[in-house]
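Chains as they are written, first to last, in our numbering: chain L, 639 to 747; chain Z, 639 to 747.
Each residue gets a CB set at the ideal place from its N, CA and C atoms; glycine is no exception.
As the structure is a computational prediction, the values presented were derived from the model and not from experiment.
Single-structure report; data block below.
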DNA sequence: CGAGTATGCATAGACTCTCTATGTCAGAAA
DNA sequence: TTTCTGACATAGAGAGTCTATGCATACTCG
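Take a look at the structure:
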């Protein structure tokens, strides 16, 4: 684990969870939101974010529309599809299972 | 996250923690131990285990000696080095930080 | 006005890690 | 003797992330 930022394999879940709060968001906003909510522990690099969003588009977990930000810049707004919501639930459950298991191993003296 | 088994990036930590219980163990034993302690949630495939052990040898986190099992088969016994113990502490702390951060994101409504 | 800075999207290439599949060897069991 | 199991090991593929870079546009400040 040379990693400073994310745990590989968790980015999709983080994005899904962030979008599940209901508001449409564009990429930058999603990244900022994850960073803030995690109190600066998790940093989503652009080179990770956009490929992840592409994958999620292809899989139909999110939909995207071009729009304009408050500051009058063009941006792609993402929102969850029903499939994405389902996926979020699956991944959340799976994450909690694995996490609990890892914690068990770590805490076993 | 199509994954059934491990979270990528956590295997070294699991191995370090397992060896930190004090006994020398060989590869198979380490894998079995992780699987058992996690109540069958985490499965360490051989194709993941041995490369991981190699990496850890190279980095000096573990030492290995050839020996013989109870059942009279040859096996490589691994034990933690001081550097490995240190690494374990670093990774544990890092893991807990990241984990807490992810949980925060997941639980934020 | 022009230069720099920040916002926002995007991709290429490298790198790391895990998995599947396969191979080997030796002891145990049938 | 053949088969099974324990144990180690590697090759190759695939997934995911990071660094670096590029582009376009809007805002700011001299």
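Runs of the beta strand (DSSP E) lying entirely within the region 671-724 of chain Z, each at least 3 residues long, are 700-706, 712-718 in chain order. Residue pairing from DSSP places residue 663 of chain Z in a beta bridge opposite Z:716. In terms of beta-carbon proximity, residue 645 of chain Z lines the interface with chain L, with at least one pair separated by less than 8 Å. Taking the Cα positions, residue 713 of chain L is about 6 Å away from residue 707 of chain L. Just so you know, the alpha carbons of residue 689 of chain L and residue 699 of chain L end up roughly 14 Å apart.
For residue 730 of chain L, same chain residues with a beta-carbon under 7 Å away, outside a window of 5 residues either side, are 651 in chain order. Using a CB distance cut-off of 8 Å, residue 672 of chain Z counts as an interface residue toward chain L. At least one CB of chain L lies nearer than 8 Å to the CB of residue 677 of chain Z. Judged by DSSP secondary structure, residue 649 of chain L falls within the alpha helix (DSSP H) whose first and last residues are 649-657.
Residue 691 of chain L has its alpha-carbon roughly 22 Å from the corresponding atom of residue 737 of chain Z. By the CB criterion at 8 Å, residue 721 of chain L and residue 676 of chain Z fall outside the cutoff. In the structure shown, residue 669 of chain Z falls within a helical segment according to DSSP collapsed to helix, strand and coil. Neighbours of residue 691 of chain Z across chain L, judged by C-beta separation under 7 Å, do not exist; the nearest C-beta is about 15 Å away.
The C-beta of residue 685 of chain L has fewer than 16 other C-beta atoms within 10 Å across all chains shown, which makes the residue exposed.
At least 8 Å separates the beta-carbon of residue 693 of chain L from that of residue 743 of chain Z.
If you draw a straight line from the Cα of residue 704 of chain Z to the Cα of residue 718 of chain Z, it is about 15 Å long.
Interface with chain L (8 Å Cβ-Cβ cutoff): residue 680 of chain Z is included. Non-local C-beta neighbours of residue 728 of chain L in its own chain, meaning closer than 7 Å and more than five positions away in sequence, are absent. Residue 725 of chain L is classed as buried because its beta carbon has at least 16 other beta carbons within 10 Å across all chains shown. Under the 8 Å criterion on CB atoms, residue 652 of chain L is classed as interfacial with respect to chain Z.
Legend: CB atoms of the region 695-714 of chain L lying less than 8 Å from CB atoms of chain Z are not found in any residue.
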